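Asks:
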Amino acid sequence: MAKGDPGGTTRSRRATPRSRKGAAGDPALVQLLTPEGERIDSATGPDGTEYRVDFTDEEYRGLYRDLVLVRKLDAEATALQRQGELGLWASLLGQEAAQVGSGRALRTQDMAFPTYREHGVLYCRGIDPIMPLGLFRGVDQGGWDPNEFKFNMYTIVIGAQTLHATGYAMGITIDGKTGTDDGEAAIAYFGDGATSQGDVNEAFVWASVFNAPLVFFCQNNQYAISEPLERQTRVPLYQRAAGFGFPGVRVDGNDVLATYAVTRTALDNARLGQGPSLIEAYTYRMGAHTTSDDPTRYRIASEVEAWQAKDPIARVKVFLEKQKIADADFFAEIDEQARRESVHLRERVLAMPDPEPVTMFDHVYPNGSPLLDEQRAKFSRYMESFEGSAH
Amino acid sequence: MATETLTIGKALNTGLRRALENDPKVIIMGEDVGKLGGVFRITDGLQKDFGDQRVIDTPLAESGIIGTAVGLAIRGYRPVCEIQFDGFVYPAYDQIVSQVAKMHYRSGGRLSIPMVIRIPFGGGIGAVEHHSESPEAYFAHTAGLKVVTCSNPQDAYVMIQQAIASDDPIVFLEPKRRYWEKGQVDLDAPLSDAYPLHSARVVRPGTDATVLAYGPMVRTCLEAATAAAEDGRELEVIDLRSLSPLDLTAAYESVKRTGRAVVVHEAPSNIGLGAELAARITEECFYSLESPVLRVTGFDIPYPAARVEEEFLPDLDRVLDAVDRTFGW
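These protein sequence lines are chains E and C, in that order. Under the numbering used here, the residues of the first sequence are numbered 1 to 391, in order. Under the numbering used here, the residues of the second sequence are numbered 392 to 720, in order.
1) Report the option in E:Pro295, E:Leu320, E:Asp354 whose CA atom is closest to the CA atom of glycine 134 of chain E.
2) When burial is assigned at 16 or more other CB atoms within 10 Å of the CB, is lysine 439 of chain C buried or exposed?
3) Does the beta-carbon of threonine 459 of chain C have 16 or more other beta-carbons within 10 angstroms, so that it is buried, or is it exposed?
4) As an exercise, report each continuous alpha helix (DSSP H) stretch of at least 4 residues that is fully enclosed by the region 227-273 of chain E, in chain order.
5) Could you check where the beta strand (DSSP E) with tyrosine 496 of chain C kicks off and where it finishes?
6) For chain E, find out if any of its Cβ atoms is closer than 7 Å to the Cβ of glycine 535 of chain C; answer yes or no.
7) Identify, in the order they occur along the chain, each residue of the same chain with its Cβ nearer than 8 Å to the Cβ of tryptophan 571 of chain C, setting aside the five sequence neighbours on each side.
8) Histidine 495 of chain C versus chain B: which residues are under 8 Å apart at the beta carbon?
9) Determine, using beta carbons only, whether proline 35 of chain E and arginine 315 of chain E come nearer to each other than 7 Å.
10) What is the DSSP secondary structure of proline 415 of chain C, reduced to helix, strand or coil?
11) At a Cβ cut of 7 Å, what residues of the region 492-519 of chain C count as close to chain E, listed as they run along the chain?
12) My output table needs one value for arginine 409 of chain C: the three-state DSSP class, helix, strand or coil.
13) What residues in its chain sit with their C-beta under 7 Å from that of tyrosine 284 of chain E, if we drop five residues either side in the sequence?
14) In whole angstroms, what is the alpha-carbon distance linking leucine 80 of chain E and leucine 664 of chain C?
15) Determine which residues share a DSSP beta bridge with aspartate 74 of chain E and list them.
16) Drop a sphere of 10 angstroms on the beta-carbon of asparagine 254 of chain E, count the other beta-carbons inside from all chains shown, and report buried for 16 or more, exposed for fewer.
17) Taking just the CA atoms, how far does phenylalanine 563 of chain C sit from glycine 248 of chain E?
18) Does DSSP put glycine 442 of chain C in a helix, a strand or coil?
19) Would you call the CB atoms of glutamine 475 of chain C and isoleucine 174 of chain E closer than 7 Å?
20) Classify alanine 281 of chain E as helix, strand or coil using the three-state DSSP reduction.
21) What separation, rounded to the nearest whole angstrom, lies between the Cα atoms of glycine 48 of chain E and alanine 242 of chain E?
22) Does DSSP put arginine 568 of chain C in a helix, a strand or coil?
23) Could you tell me whether the Cβ of aspartate 145 of chain E comes closer than 7 Å to any Cβ of chain C?
24) Taking only beta-carbon atoms, is aspartate 199 of chain E less than 7 Å away from chain C?
25) Helix or strand or just coil, what does DSSP make of glutamate 58 of chain E?
26) Measuring CA to CA, which of C:Ala618, C:Tyr548, C:Gly462, C:Ile561 is closest to glycine 574 of chain C?
27) Any idea what DSSP makes of phenylalanine 431 of chain C, helix, strand or coil?
28) Once the 5 residues before and after glutamine 552 of chain C are set aside, which same chain residues still bring their CB inside 7 Å of it?
29) Quick check on the DSSP output: the alpha helix (DSSP H) that includes asparagine 661 of chain C runs from which residue to which?
30) Which residues, in chain order, does the region 112-125 of chain E contribute to contact with chain C at a C-beta distance below 9 Å?
31) I'd like to know whether the C-beta of methionine 153 of chain E is nearer than 7 Å to at least one C-beta of chain C.
32) Measure the C-alpha to C-alpha separation of alanine 97 of chain E and threonine 259 of chain E and round it to an integer number of angstroms.
33) Which full runs of the beta strand (DSSP E) of 3+ residues lie inside the region 440-491 of chain C, going along the chain?
34) Assuming phenylalanine 113 of chain E is part of the beta strand (DSSP E), what are its boundary residues?
35) Count the other CB atoms within 10 Å of the CB of glycine 25 of chain E; is the residue buried (16 or more) or exposed (fewer)?
36) Taking only the alpha-carbon atoms, compute the straight-line gap between glutamate 432 of chain E and arginine 39 of chain E and give it to the nearest angstrom.
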């Protein structure tokens, strides 16, 4: 029986994540900040690359602020869903460091292709955090401009966006925007489950043979809804890259410093013309896949507790305290800011109007369609036929 | 006026060349489109003249062709993807239906995916399975996609350029059994004026019954009309050209005049384009109809072995038989 499988037998319930072998095995991972808050000066990747970061105190405090705000806004969205204000929510709880670390490593000109869970990256791109809530509330399909923020629309079909990112990166090459310091790169976000998809494997092939300036950023959060990593792979995911002909590295996805360092290096390599790479951010989804599933059905409490001890925010806090980079006032101020922003978010979500029904016909075709225009006109007349209609 | 006699295949090739010349953002991509020039040679010579960054030989994976083209389109390019055969488009179906078709809508109009997906479609060339299918209904059913097909060299030349210039994602179906048929092509034909991409066309005027067809069946129907004329019946033949959106103005006008309509396509009848056409014509022309709208189609079976495909495909006799039946009501 697979370790970590909820199974139901006494024996499996005693299993701990530490005893996992095979697929999830290979504990070697790039880490610059331990769960206990100890700083590690540098770490070496599987190909010998040395990773380190050198942040100012202000930058350290900034990362902490990001992590706390992102977690708080996510918690607010989860609460809104529980109160019936959102149809669904895909929480990032536990994955804040993977998202903030990689998101902050992006340069303005880099283009990101997210899944539906990348609220932390979205936040780092400077997009109003209310934007994805429109999608999950059902009032729009997500309202930001992908070109303005260099952050594409959320993609719900698993892995489809990795091909979009690859094509976009091919375009960067054709535009001649690699090989210089101000070059561009793209980053594709996906999860462990997505690595089983054909599209992701095709993206690996394409990116490799076209030497695309692209970073594949896999957040291995250990579960694809209920299916554990063992159902997706028998080899550590980062090792797959070798078979496609580009480097792969596993980073502690709960370590914001290491995630930042690894992503920045991979993006720099890409923009300098060295082609794609795969980052496996080894992390854990602390909540449900979405608000519609019940993780207690498929995973055991001890496993969740073990990951709780690796919390991505707690370790930064310990580090900041130990190094006297931040004091109690700072932490209180951040908490207060997070509270204010989440209240503000809530107020704005509740005020989000339903769209005018006739707008559902908008933006189907850039050039329009006579048959659709006719259907819209009929629908409008139908709506107007109701007594007292404001339409 | 520069007029040349070209096959449909060569007309498409010439149209693609024009598009590459006129817009540096146009990129052709697909399996074997480079050195080989495509298995039907539609992209013959283009890589040689425009380079391997404009005419890209891709790895052998259809979802990858379409999915990467989406990214190129987001980047500002206008990809023209070749799917080698109709029956090979299904691995790319998810990307086409869930991504290409919906990206504009999903982004509230902020993104456009000006992509053309070229698919040689239909039977009649004696091929093995997966090489003779008519998948148009799958795509025509999907909002956000437009679906067009040509039936002669002039349209092939103009329509492929119009499709590439359009910001809409377009599935461009090429009637592969007609690739080698020749016709006059005006190489200076305007792209926007005479025949907009989404307009149907009366290709043979007539008074007694209306025959609606597209792609490879247009020629079959024209031959049927010639034969019918010998029997004293004047059939009006309409080439739909656009399958989504359908341009039914000419069809309605025609049917109201003739009182009879026959729809002809190779694809199986069940939930096919013929059903949509019959329903719309019935709604719009009910009081003018002398008989029900009839369909002549492929059968509701997988495309059969080549040695019986002539029985599967609608031919002149089956079209004339249907015309006879419309007069028998």
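Beta carbons are placed, not taken as given, at the ideal position from N, Cα and C, and that holds for glycine. Quick caveat: nothing in here was measured; it's all calculated off a predicted structure.
Replies: Quick answer:
1) E:Asp354
2) exposed
3) buried
4) 240-244, 256-269
5) Not the beta strand (DSSP E): tyrosine 496 of chain C falls in the alpha helix (DSSP H), residues 494-497.
6) yes
7) Thr398, Ile399, Gly400
8) Absent from the structure is chain B; the protein chains it does hold are E and C.
9) yes
10) coil
11) His495, Tyr496, Arg497, Ser498, Gly499, Gly500, Arg501, Leu502, Ser503
12) helix
13) Gly94, Asn221, Gln222, Trp307
14) 45 Å
15) Beta-bridge pairing links aspartate 74 of chain E to no other residue.
16) buried
17) 39 Å
18) coil
19) no
20) strand
21) 14 Å
22) helix
23) yes
24) yes
25) helix
26) C:Tyr548
27) coil
28) Gly406, Arg409, Ala410, Leu582
29) Note, asparagine 661 of chain C: premise wrong, no alpha helix (DSSP H); not H, not E.
30) Phe113
31) yes
32) 7 Å
33) 446-448, 469-473
34) 111-113
35) With a pLDDT of only 48 at glycine 25 of chain E, under 50, the local geometry of the prediction cannot be trusted, and no value is derived from it.
36) Because chain E is modelled from 1 through 391, residue 432 of chain E falls outside the range shown and cannot be assessed.
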